[in-house]
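Undergrad: Residue numbers (this note's numbering), protein chains in the order written: chain C, 1 to 135; chain F, 1 to 297.
Glycine is no exception: its CB is placed at the ideal position from the N, C-alpha and C atoms.
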């Protein structure tokens, strides 16, 4: 890989620093690897703003991407993930590859109007994904 | 599911997609698979779609809350959560639920003349159906909103509370079951709200899952300092509207956020593996992944 890198460096056009880091990225990690993605929604899009007073916008986030073969501790994955990958690759491809899913969440506070007109402030668990893992 | 005793999402059965959701563009509509299994909806959607359904269930539109009450709760929200809706890590903030009830309108019998803003005694009926059996009372407060245009320096008030027992529906005028009188002294300069703590007073009623609380509140205030012989009959312009009832609760259900639990959870996070324990252990990797870009950088 050093020789290949050396050859490709020779070919690589002289370019400012940031292209270089982009260029090296392809060697460091596979593209579209499992990671956290942002997604913002407003309750008015769902037409729920009639009874959800706050917050106006909500970012639940989500996990998407490929799980690398040797996940190891990179995602806090247990050994089972590695085993599942080996089963998929060598024994039975009907067994699914490990998936990119949320590993940790944070709560969300919501202010809503109840059907009887009373008002409630509630804190819900596990409403915003904050970390991804391969399982 | 909540216990049968109180209202809760489990009371509403069947397909629970709020009607507005069904009018949504297809991309936002819930996938068929999810619609079939109502239980698959995450708790918040369950609660919200249940609400969405209830507000239309009997064709009755949702009751709109009192604007003052709404303003107070928005202020409470700002104090309790960030702009993105993340609960603030506040030590004194033990509650994860706050419910505000306004008295049922048809049950008020006022003795003072409300128009002059002179409210000496009022009968209030609060319907607590929305409180679930898993919500435990931490604090309850009568919330008066004051007309602050009245030039007052300070107030000494005598408040007399009595709970009415209406054993049978046939009984016309409920009798007083227990009452309490207490004095309070506060400055009503800029404050629009006065909270009167009635926790010890209401605790036994709420603990027994009482659904309706019927109470009479008699409130007399004197302007200025009570030591100086202020004229007895000087009533300030009292709260122009009957008080709301505020309940600070600890919801013990699974979907509610428990501060102490999240701290404990962090320490024992199962996704954090023991280093070097697996035969394939990568020696170089660090744990967890928030986003690849920041890792790469």
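Does the CB of residue 90 (chain F) have a neighbour CB from chain C at under 8 Å?
TA: Taking the first residue of the second chain as 1, we reach residue 90 (chain F) at position 90. With 8 Å as the cut-off, residue 90 (chain F) does not count as an interface residue toward chain C.
Undergrad: Quick one: using the 10 Å Cβ neighbour count with 16 as the cut-off for buried, is residue 33 (chain C) buried or exposed?
TA: Here residue 33 (chain C) refers to the residue found at position 33 of the first chain. Its Cβ being crowded by 16 or more others within 10 Å, residue 33 (chain C) is buried.
Undergrad: Under 8 Å by Cβ, that's how I've got residue 143 (chain F) and residue 243 (chain F) pegged, so tell me the actual separation to the nearest angstrom.
TA: Numbered from 1 along the second chain, position 143 holds the residue referred to as residue 143 (chain F). Numbered from 1 along the second chain, position 243 holds the residue referred to as residue 243 (chain F). Correct: roughly 6 Å between the Cβ atoms.
Undergrad: Go to residue 311 (chain F), then tell me how far its alpha helix (DSSP H) extends in each direction, as first and last residue.
TA: In this structure chain F extends from 1 to 297, so residue 311 (chain F) is not present and cannot be described.
Undergrad: Between the beta-carbon of residue 55 (chain C) and the beta-carbon of residue 127 (chain C), is there less than 8 Å?
TA: Locating residue 55 (chain C) in the first chain gives position 55, where the first residue counts as 1. Locating residue 127 (chain C) in the first chain gives position 127, where the first residue counts as 1. Not in contact: residue 55 (chain C) and residue 127 (chain C) (Cβ atoms no closer than 8 Å).
Undergrad: Could you check if residue 84 (chain C) is buried or exposed, using at least 16 other CB atoms within 10 Å of its CB as the buried criterion?
TA: Translated into the one-based positions of the first chain, residue 84 (chain C) becomes position 84. Flag for residue 84 (chain C) reads buried.
Undergrad: Does residue 54 (chain C) get closer than 8 Å to chain F when you measure Cβ to Cβ?
TA: For the purposes of this step, residue 54 (chain C) is taken as the residue at position 54 of the first chain. Judged by the 8 Å Cβ criterion, residue 54 (chain C) is in contact with chain F.
Undergrad: For residue 210 (chain F), which of helix, strand or coil comes out of DSSP?
TA: Here residue 210 (chain F) refers to the residue found at position 210 of the second chain. In the structure shown, residue 210 (chain F) sits in coil (DSSP, three-state: anything other than H, G, I, E or B).
Undergrad: Check whether the Cβ of residue 250 (chain F) lies closer than 8 Å to any Cβ atom in chain C.
TA: Locating residue 250 (chain F) in the second chain gives position 250, where the first residue counts as 1. Output row for residue 250 (chain F): interface = no.
Undergrad: Taking Cβ positions, are residue 121 (chain C) and residue 77 (chain F) nearer each other than 8 Å?
TA: Indexing the first chain from 1 puts residue 121 (chain C) at position 121. Indexing the second chain from 1 puts residue 77 (chain F) at position 77. In this structure, residue 77 (chain F) lies closer than 8 Å to residue 121 (chain C) by Cβ.
Undergrad: What is the rounded straight-line gap between the Cα of residue 94 (chain C) and the Cα of residue 95 (chain F)?
TA: The residue labelled residue 94 (chain C) in the question sits at position 94 within the first chain. The residue labelled residue 95 (chain F) in the question sits at position 95 within the second chain. Their Cα atoms are separated by approximately 48 Å.
Undergrad: Indicate the three-state DSSP secondary structure (helix, strand or coil) for residue 258 (chain F) in the structure shown.
TA: By one-based count along the second chain, residue 258 (chain F) stands at place 258. Three-state result, residue 258 (chain F): coil.
Undergrad: Might you give, ordered along the chain, the residues of its own chain that have their beta carbon closer than 8 Å to the beta carbon of residue 50 (chain C), omitting 5 neighbours on each side?
TA: Within the first chain, the letter at position 50 stands for residue 50 (chain C). For residue 50 (chain C), where only same-chain residues beyond five positions count, the Cβ hits under 8 Å are 113.
Undergrad: Residue 20 (chain C) versus chain F: which residues are under 7 Å apart at the beta carbon?
TA: Locating residue 20 (chain C) in the first chain gives position 20, where the first residue counts as 1. Per Cβ cutoff of 7 Å: no residues; residue 20 (chain C) is ~13 Å from chain F at best.
Undergrad: How far does the alpha helix (DSSP H) with residue 132 (chain F) in it reach, from first residue to last?
TA: Along the second chain, read from residue 1 onward, the residue named residue 132 (chain F) stands at position 132. No alpha helix (DSSP H) holds residue 132 (chain F); DSSP gives it neither H nor E.
Undergrad: In chain F, which residues lie with their C-beta within 7 Å of the C-beta of residue 96 (chain C)?
TA: Working through the first chain from its first residue, we reach residue 96 (chain C) at position 96. Those within 7 Å of residue 96 (chain C) in chain F number zero; the least Cβ separation is about 17 Å.
Undergrad: Can you pull the chain C neighbours of residue 206 (chain F), defined as C-beta to C-beta under 8 Å?
TA: In the second chain, the residue the question calls residue 206 (chain F) occupies position 206. Result: empty, since nearest Cβ-Cβ is about 14 Å, beyond 8 Å.
Undergrad: Along the stretch 108-121 of chain C, where does the CB come closer than 8 Å to a CB of chain F? Name the residues.
TA: Listed by position along the chain: 108, 109, 110, 111, 112, 113, 114, 115, 116, 117, 118, 119, 120, 121.
Undergrad: Could you tell me the distance, in whole angstroms, from the CA atom of residue 46 (chain C) to the CA atom of residue 53 (chain C)?
TA: Mapped onto the first chain, residue 46 (chain C) falls at position 46. Mapped onto the first chain, residue 53 (chain C) falls at position 53. Looking at the two C-alpha atoms, the distance is approximately 13 Å.
Undergrad: Which chain F residues sit within Cβ distance under 7 Å of residue 106 (chain C)?
TA: On the first chain, position 106 is the one that residue 106 (chain C) refers to. Simply 86.
Undergrad: Give the residues of chain C in contact with residue 161 (chain F), contact being defined as C-beta atoms less than 9 Å apart.
TA: Position 161 of the second chain holds residue 161 (chain F). By Cβ distance, chain C contributes nothing, its closest Cβ being about 21 Å from residue 161 (chain F), past 9 Å.
Undergrad: To the nearest angstrom, how far is it from the Cα of residue 3 (chain C) to the Cα of residue 24 (chain C)?
TA: Working through the first chain from its first residue, we reach residue 3 (chain C) at position 3. Working through the first chain from its first residue, we reach residue 24 (chain C) at position 24. Approximately 14 Å between the Cα atoms of the pair.
Undergrad: Less than 8 Å between the CB atoms is what I'm expecting for residue 199 (chain F) and residue 140 (chain F), so what's the real figure, rounded?
TA: For the purposes of this step, residue 199 (chain F) is taken as residue 199 along the second chain, with counting starting at 1. For the purposes of this step, residue 140 (chain F) is taken as residue 140 along the second chain, with counting starting at 1. 5 Å between Cβ atoms; contact.
Undergrad: Between residue 81 (chain F) and residue 109 (chain C), what straight-line distance do the alpha-carbon atoms span, to the nearest angstrom?
TA: Residue numbering aside, residue 81 (chain F) sits at position 81 when the second chain is read from its first letter. Residue numbering aside, residue 109 (chain C) sits at position 109 when the first chain is read from its first letter. Going by the C-alpha atoms only, they are around 6 Å apart.
Undergrad: Tell me, which residues are paired with residue 82 (chain C) by DSSP?
TA: Along the first chain, read from residue 1 onward, the residue named residue 82 (chain C) stands at position 82. None, per the DSSP bridge assignment.
Undergrad: Mapping DSSP to helix, strand and coil, what is residue 7 (chain C)?
TA: Here residue 7 (chain C) is taken as the residue at index 7 of the first chain, counted from 1. Residue 7 (chain C) falls in the helix class under three-state DSSP.
Undergrad: Here's a check: name, in chain order, each residue in its chain whose Cβ is nearer than 7 Å to the Cβ of residue 251 (chain F), leaving out the five neighbours to either side.
TA: Taking the first residue of the second chain as 1, we reach residue 251 (chain F) at position 251. Counting only Cβ-Cβ distances below 7 Å, and skipping sequence neighbours, we find 96, 97, 134, 135.
Undergrad: Under a Cβ-count criterion, where at least 16 other Cβ atoms within 10 Å of its own Cβ denotes burial, should residue 133 (chain C) be classed as buried or exposed?
TA: One-based indexing of the first chain puts residue 133 (chain C) at position 133. It counts as buried.
Undergrad: Looking at the C-beta of residue 125 (chain C), does it have a partner C-beta in chain F at a distance below 8 Å?
TA: As a working mapping, residue 125 (chain C) is identified with position 125 in the first chain. By this cut-off, residue 125 (chain C) is an interface position.
Undergrad: Check the DSSP bridge columns for residue 33 (chain C) and list the partner residues they point to.
TA: Within the first chain, the letter at position 33 stands for residue 33 (chain C). Note: residue 33 (chain C) sits in a beta bridge opposite C:66.
Undergrad: For residue 65 (chain F), decide whether its Cβ has a neighbour in chain C, counting only Cβ atoms nearer than 8 Å.
TA: Within the second chain, numbered from 1, the residue matching residue 65 (chain F) stands at position 65. At least one chain C Cβ lies under 8 Å of residue 65 (chain F).
Undergrad: With residue 103 (chain C) as the anchor, note down where its beta strand (DSSP E) starts and where it stops.
TA: Counting from one through the first chain, the residue named residue 103 (chain C) turns up at place 103. Start and end: 100-113.
Undergrad: Can you give me the Cβ contacts of residue 60 (chain F) inside the same chain, cut-off strictly under 8 Å, excluding the 5 residues immediately before and after it?
TA: Sequence index remark: in the second chain, residue 60 (chain F) carries index 60 (1-based). Its pLDDT being 44, under 50, residue 60 (chain F) is placed unreliably by the model, and nothing is read from it.
Undergrad: Since residue 159 (chain F) and residue 219 (chain F) should fall inside the 8 Å C-beta cutoff, what is the C-beta to C-beta distance between them, to a whole number of angstroms?
TA: Walking along the second chain from the start, residue 159 (chain F) turns up at place 159. Walking along the second chain from the start, residue 219 (chain F) turns up at place 219. Confirmed, Cβ separation roughly 5 Å.
Undergrad: Going straight from the alpha carbon of residue 67 (chain C) to that of residue 100 (chain C), what length do you get?
TA: Counted from its first residue, the first chain places residue 67 (chain C) at position 67. Counted from its first residue, the first chain places residue 100 (chain C) at position 100. One C-alpha to the other measures close to 6 Å.
Undergrad: Using a Cβ-Cβ cut-off of less than 9 Å, give me the residues of the stretch 58-69 of chain C that come near chain F, in sequence order.
TA: Within the stretch 58-69 of chain C, the residues whose Cβ lies closer than 9 Å to some Cβ of chain F are 58, 59, 65, listed in chain order.
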